[in-house]
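When you number the sequence shown by numbering that gives the first Met the number 0, it's gap-free, plus one each residue, and the end is 161. Note sheet for the following structure.
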Amino acid sequence: MPKWLGYSVCTQKDAEDVYYLLKTPAKIRFLSCEPILEDIDLSEWLDEFIGAGICDGCGKEKSQLYGVDAYPVCGVAICDQCASRLHWVILGGESGANARTTHLEHLRSLLNQCQKANIPPFIKQLGAKPILNNQPYKISDKKGGILSEFPEDLQIREFPNV
Numbered sequence: 000m001p002k003w004l005g006y007s008v009c010t011q012k013d014a015e016d017v018y019y020l021l022k023t024p025a026k027i028r029f030l031s032c033e034p035i036l037e038d039i040d041l042s043e044w045l046d047e048f049i050g051a052g053i054c055d056g057c058g059k060e061k062s063q064l065y066g067v068d069a070y071p072v073c074g075v076a077i078c079d080q081c082a083s084r085l086h087w088v089i090l091g092g093e094s095g096a097n098a099r100t101t102h103l104e105h106l107r108s109l110l111n112q113c114q115k116a117n118i119p120p121f122i123k124q125l126g127a128k129p130i131l132n133n134q135p136y137k138i139s140d141k142k143g144g145i146l147s148e149f150p151e152d153l154q155i156r157e158f159p160n161v
């Protein structure tokens with residue numbers, strides 16, 4: 000079994016294959032969402048963190064449970080040993096002379112999804128052409144990778160617990 004296994008997601012179409020990543024055995028599963036080319040909804044693969052309690056899968060007391068929709072009931076509380084989960088998401092824009100724009104609103108949306116699911120996000124760079132509220136966002140670095148130039152709420156670089 001590999002220790003780390005990742006998959007690149009730049010568009011919503013790319014996100015359709017996250018299912019296969021979650022079905023593949025690995026100690027750490029991660030997404031590299033760079034460059035973010037459009038608004039991406041990962042909610043289908045990100046279960047909401049709900050706290051501590053008894054896991055409906057194994058019946059054991061766990062400190063981290065996640066709400067999972069499960070037919071025919073409206074939902075169950077599952078620990079990460081009973082359900083395949085993502086462990087890390089890397090976020091960023093595109094760099095280089097021909098870089099496409101990165102809308103910081105799209106980056107924020109993914110960041111919020113990660114935080115709601117208790118998945119550590121790592122914001123690598125804003126990209127060469129960041130956009131905020133349909134206006135160019137001023138940066139001095141060609142890659143948009145200087146952390147202190149990020150909007151304060153995007154200055155996040157977390158790592159998974161291994």
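Every residue, glycine too, gets a C-beta built ideally from N, C-alpha and C.
Nearest to residue i (by Cα), restricted to the options the options
{"i": "residue 119", "options": "22, 29 and 20", "result": "29"}
{"i": "residue 140", "options": "56, 113, 49 and 92", "result": "92"}
{"i": "residue 41", "options": "4, 145, 98 and 114", "result": "114"}
{"i": "residue 102", "options": "38, 31 and 66", "result": "38"}
{"i": "residue 95", "options": "60, 4, 124 and 74", "result": "124"}
{"i": "residue 26", "options": "66, 67, 82 and 132", "result": "82"}
For residue i: DSSP bridge partner residues
{"i": "residue 124", "result": "91"}
{"i": "residue 102", "result": "130"}
{"i": "residue 61", "result": "52"}
{"i": "residue 75", "result": "67"}
{"i": "residue 149", "result": "None; residue 149 has no bridge partner."}
Exposed unless 16 or more other CB atoms sit within 10 angstroms - verdict on residue i
{"i": "residue 88", "result": "buried"}
{"i": "residue 33", "result": "buried"}
{"i": "residue 46", "result": "buried"}
{"i": "residue 76", "result": "buried"}
{"i": "residue 78", "result": "buried"}
{"i": "residue 158", "result": "exposed"}
{"i": "residue 62", "result": "exposed"}
{"i": "residue 57", "result": "exposed"}
Residues near residue i in its chain [Cβ-Cβ closer than 6 Å; skip 5 each side]
{"i": "residue 146", "result": "154"}
Extent of the continuous alpha helix (DSSP H) run through residue i
{"i": "residue 19", "result": "17-22"}
Bounding residues of the beta strand (DSSP E) (the contiguous stretch that carries residue i)
{"i": "residue 14", "result": "Premise fails: residue 14 lies in the alpha helix (DSSP H), 11-14, not in any beta strand (DSSP E)."}
{"i": "residue 28", "result": "27-32"}
{"i": "residue 6", "result": "3-7"}
Contact set for residue i: own chain, Cβ-Cβ below 8 Å, skip 5 residues either direction
{"i": "residue 44", "result": "14, 17, 18, 21 and 85"}
Cβ shell of residue i (< 7 Å), same chain only, five flanking positions each side left out
{"i": "residue 64", "result": "49, 50, 51, 52, 54, 76, 77 and 78"}
{"i": "residue 60", "result": "53"}
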